[in-house]
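In what follows, a single structure is set out as structure tokens and then discussed.
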Amino acid sequence: MNLETAKFTVKDFCAKVKTLKVTDVIELNLVIDQLNALNYLNFSGDCKEYGELLCDLAKMISPGNDHMLSKFCCLLYFSLHKQKVTLLKPSQEYLLEFSISSVNSCADWVCSDALMALSALLESNSDYSKKFKEILIGKNGVLTKFLETDYDDKNIQYNAFQCLYSLMKCPGENSLDADLLDFCFKNCFLILKDKLRSNMGDILVLKIFITSLKCLQYVFTSKNVNVDNFGELLGTLKNLLFYGLPGQTFTQDTNLYPTLRYPETSQLQESQSESDSPYPKLRKQKKNKRRLKKTPQKKQTNDAPSVEGDGCSAVDASEGIANLSLSSSKFFPETKVRSSSSDSELSDAENHSSKIKSLQASLRQNAYLVLQNVVKVSDRKIIFGYWSYFLPEHPVILGLVSSPNIFTTILKDPASQVRLGALTLLAEMLRGSKQFLIHADGRNARHLSFTSLSSILATMISEIHRYLFLALVSENSSLLLIQILKCYAVLSENAPYCKLNTDILLKFVKHVKTYLNHKDIQVRVACIAVFCSVLNSDQIPADIDELMLSSDSDNVVNGSNSIDRNSSSSSAVRQSPWIIQLCKSNILSEEPLPIKIQSLQLLNSVIGKYFQKSSYFFEAIENIVLFCLNNPDTSIQLHGAKLLDIFGRSINIVTNAEVKKSLQPLVSALWQSVLMGSFIKCLTNDDVKTLQSVCCDCLSTLSSNDFETLQPKQQIMYITVLLGLASDSNPNVRGAAIRCLGLFCLFPSLNQDATFLDDVSVILIKSVEDPNVNVRFKASWSLGNLSDALFVNKDLLNKEISCKVFYSMGMACVRFSRDCDRVKANAVRALGNLLNYIPEQFIGVKTMQEFIKESCEALKSVLSSGFMKVCWNSCYALSSMLKNTYLIEHCDLNLNEVLSCLLKVLKSPNFKVRISAAQALTALTSREHYGNLFPVIWQDLVSALHSTSSDVNFKEIKHQENLHDQLCCSLFQLAALTTPEDIAEVKDCISCSQEVLLISMWKCGSRLSKEKSSVVYNTIDKLNSLKNTETLRDDPTLTSLLDILNQAHIAFCSQDVS
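When we follow our numbering, the leftmost residue of the sequence shown carries the number 20, and every step to the right adds one.
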């Protein structure tokens, strides 16, 4: 570039071009050459002028002048792709049209340049991509012929795939539709299959492969891709995973078939032996046989544990064999995906070889990225069927080697980015795999005649652990170490270790622990995260629990695979476990923030799992909580508050009375220290909304006794703050505060405070209009608690709650009952309480009559909800309403409609709904309220009793007895209201069902409680009094009914005697 050219500006070039004509070919060539020579020109301030300049130049290029067109296309590519010039929309659109027409009309030798320019324009332009999609890759699209597998010119084909990639990369506001996705998938997949066995040394073929794989990455971000042969896709991608890897060859058949079947049952019985497995024989893969080659042993790094001398080198022969058959990645020189060698440093042959290796590594990396996306968008059950092709399902056998799998890359690929891709794929495959791995069982010996699914899965888990260990001890890269530890974390969350060999997890914990002192901070964080995953698993054997709670950390470091249960002295028991000491050291010292936060998360897992055993290390945890809440760093405060929340939740779910009695004073003392300290500062920190919401959650776990031990001023302070936070701008804070107030409504010291309840009711009524559904859900739940408080203390609060407040609360519940199912379930519960509690003096008020009618309509309408919790809560609410005799007698309610709706629900497939409906149907205390529906209700109750044993769903079997007993009790209650006229109405029903009723009453009586037995006695006395009347003295129907009810009485007495 000469100095004179450098002095020109964009405006100078624009002025010069405007003076030229189409016939001034020499001058136009000179201008384009000069623009191409401006290698480092900054066009950012002249985008409009430069775009106009390019458009003017495009207009000046005459058809057929391919030489000038080639130069101009190079200029476009250079400006947009290299210099990142941003053009305005009019210029972009015109240049796109120009480039497309140029591709159609230019000579073959220029076509590649035109496609490069088109690719750069598509990459920088997403707004017009939809407009040109059909023109480019439609039925007769510009790129279609170049993308076909039999197209000869590989350079043109490569640039055509680059255009396709640019189009996929920048889809604009509207993503690719299904037809175009299928087109892209079809062409990219066909090119991969067709050229898979091409010359591996052809650079253009490798570039086409890489670009096709990049396109497929975007294709498989959508679930709408139509894949006809999923096995063929996986087989092709599997071959590409090892493309160019030393010692690997391609299989001729790329079509894979599922070899594992996902069991239809929810879980296998733990006692099931392999011979009893429902899947005894599985399809086997053909294995290639070749001799093993010994590889030299490598020196271990200082940060990684040694394979030898760590206490487990002699565990089994297969681990030693694996060291021979699978050499680590450091046996090969490290290959970067991008080569940085220059031509001056290497000869042409060396430079070509280096470039080939770099492209092959990039191809393998992109193949892994495609496979990751395929796994993400595919059904996990389908992917599970192909696990055997990617994961080891057999232990290593001397003299044989399995077909290549993911661990072939992890241990042998020289490119670190490819190994990282393989580890990421492994983590993605294992994520969410608990539904499959739960069937693994390695407690029985593996049979030679057949292999069960449980045995294969157990072997897979064992082999994955072993290979990950080999990778762990051979890697130096911190990034890869972190990913290996992430794989460990995902695996430990999903594997059922309690059904496997205990040594697997013991060795795993031992080896991972050596990285807790690694020089890289992120490796240490990942290592701590692994222990979090182990503790969060519910499939951990007892030996691991003891190891985690051991006070001697050397048990893990020195390779002790078992714990001596009798070696702990009384002084050792009082010492904190090593894991608590580790967390305490990390949190209270000057460690980096990520270490502290991850250690706090580990403490959350420890407390969540071992809270009932925490008495001897409770003091250490208490010090950590107080340290965190007083720490100036808000992220430390946040995780300290989460730890406090775990304490509160854990003590509330303890069922062992002795354990709770020993821990409750410790938790109460912690609460007193916290609430009188800096907790209020965290709660009122408006700068960190997440901290405020977590603090509200903490207060939600506070017991009423701990709250009442606070001084009155402190109680008022916390209540005032919560009432303010319930109107916060952040929905998470609002929801947490509202939920906390709902729990406070149940505290004995607050549920009789009319002022507090009134303040809470105002907050909850306002929440009906809240735009956030989670806030409305928590408000409806709190409203249910508030209604419970009013119901429990109705005698005390009867005069203190105004009619206006009561009406507002009721109408809020009605509006909540029209919300989503989650909100409805709580709203109808509150409505039932309010309709049962409503003071008698309110019922005559006109507005209250409207509320009662609207409530009744709302409860009837939600009975048809598909969400079962809404249905049974609605039945329970109607039952509460029907028990309010004063309301029934003084309100104009259509009881026939209410009872008819309940009769429909009595046929629900859900037994809990049927139980609630049966309770509601017999909630009325007066015969006249049933009207002419009495015999209908009797008939339907008897029919429901018949169906309890005929249409039982497996999921409902646990509620079968309760439903049977409730139907019998409902018949008792209904029989107590029987009149002489009713006996004649139910005559046929009793005579047809006498045998079933006799058996049912006997079963019910044998399970009857003393409280419910009084209902049977009263009913029998009432019927005996009817029998003494002249009209029914010798009535056979009444006699049969008494015989039926006496069965329950006799069965109950027999139970009493026995």
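We put the CB at the ideal spot given by N, CA and C, even for glycine. Everything numeric in this text was worked out from a predicted model, so none of it was measured.
Review point. In or out: residue 264 buried (at least 16 other Cβ within 10 Å) or exposed?
Key: buried
Check your understanding: Touching or not, the stretch 789-798 and the stretch 763-781, by the rule of three or more beta carbon pairs under 8 Å?
Key -> no
Check your understanding: Which class does residue 1154 belong to by DSSP, given the choice of helix, strand or coil?
Key -> The requested residue 1154 does not occur in the structure, where the chain is confined to residues 20 to 1077.
Practice item. Consult DSSP for residue 857 and reduce its assignment to one of helix, strand or coil. Key: coil
Check your understanding: Which stretch, first to last residue, makes up the alpha helix (DSSP H) that contains residue 519?
Key -> Residue 519 -> no alpha helix (DSSP H), and no H or E assigned at all.
Point to revise | Contact under 8 Å by Cβ, residue 720 with residue 668 | key: yes
Exercise for review: Enumerate in chain order the residues of its own chain whose CB-to-CB distance from residue 998 is below 7 Å, with the five nearest sequence positions on each side excluded.
Suggested key: 946
Check your understanding: The alpha helix (DSSP H) with residue 803 in it runs from where to where?
Key -> 792-811
Point to revise | Member of 962, 1014, 995 whose CA lies at the smallest distance from the CA of residue 1033 | key: 995
**Study point:** Cα-Cα separation between residue 479 and residue 412, rounded to whole angstroms
**Key:** 5 Å
Check your understanding: Given residue 733, which residues of its chain have a CB within under 8 Å of its CB, disregarding the five upstream and five downstream residues?
Key -> 694, 695
Exercise for review: Just confirm the distance between the C-beta atoms of residue 689 and residue 726, as a whole number of angstroms; I'd bet it's less than 8 Å.
Suggested key: About 14 Å separates the two Cβ atoms, so there is no contact after all.
Practice item. Specify, as a first and last residue, the run of the alpha helix (DSSP H) that residue 203 falls within. Key: 197-213
Review point. If we ignore side chains and look at the alpha-carbon of each, how far apart do residue 652 and residue 715 end up?
Key: 19 Å
Point to revise | Option in 887, 40, 1067, 100 with minimal Cα separation from residue 77 | key: 40
**Study point:** Given residue 205 as reference, the closest of 247, 224, 482, 36 once Cα atoms are compared
**Key:** 247
Review point. For the putative contact between residue 518 and residue 459, defined by C-beta atoms under 8 Å, what is the C-beta separation to the nearest angstrom?
Key: 6 Å
Point to revise | Helix, strand or coil at residue 506 according to DSSP, with G and I counted as helix | key: helix
**Study point:** residue 1003 CB to nearest heavy atom of the ligand GTP below 7 Å
**Key:** Here there are no bound small molecules, and the ligand GTP is not part of this structure.
Review point. Alpha carbon to alpha carbon, what distance is there between residue 255 and residue 280?
Key: 22 Å
Review point. Would a C-beta distance cut-off of 8 Å place residue 1064 and residue 953 closer than the cut-off?
Key: no
Check your understanding: Which residue's Cα is closest to the Cα of residue 405: 950, 68, 257?
Key -> 257
Practice item. Since I believe residue 931 is in contact with residue 978 (beta carbons under 8 Å), could you give me their beta-carbon distance rounded to a whole number of angstroms? Key: 6 Å
Check your understanding: Is the stretch 926-940 touching the stretch 906-913, taking contact as three or more C-beta pairs under 8 Å?
Key -> no
**Study point:** CA-to-CA distance, residue 539 to residue 261, given in whole angstroms
**Key:** 31 Å
Check your understanding: Between the C-alpha atoms of residue 675 and residue 527, what's the straight-line distance to the nearest angstrom?
Key -> 33 Å
Review point. So is residue 470 buried or exposed if we call it buried at 16+ other beta carbons inside 10 Å?
Key: buried
**Study point:** 8 Å Cβ shell around residue 647 - same chain, five flanking residues per side excluded
**Key:** 606, 619, 655, 656, 658, 659, 660, 662
**Study point:** Of the listed residues 137, 794, 173, nearest to residue 122 (C-alpha basis)
**Key:** 137
Review point. Between residue 644 and the rest of its own chain, which residues show a CB-CB distance below 6 Å, the 5 nearest in sequence each way excluded?
Key: 659, 662, 663
Check your understanding: Does the beta-carbon of residue 534 have 16 or more other beta-carbons within 10 angstroms, so that it is buried, or is it exposed?
Key -> buried
Practice item. For residue 56, count neighbouring C-beta atoms within 10 Å of its own C-beta (all shown protein chains included) and say buried if the count is 16 or more, exposed if not. Key: exposed
Review point. Can you round the beta-carbon distance between residue 276 and residue 233 to whole angstroms, since I take them to be within the 8 Å contact cut?
Key: So it is not a contact: roughly 28 Å between Cβ atoms.
Practice item. Compute the beta-carbon to beta-carbon distance between residue 855 and residue 818, rounded to the nearest angstrom, for a pair I have assumed lies under 8 Å. Key: No, residue 855 and residue 818 are not in contact; Cβ-Cβ is about 18 Å, not under 8 Å.
Exercise for review: Using the Cα positions of residue 457 and residue 387, report the straight-line distance between them to the nearest angstrom.
Suggested key: 27 Å
Check your understanding: Anyone know if the C-beta pair for residue 199 and residue 164 falls short of 8 Å?
Key -> no
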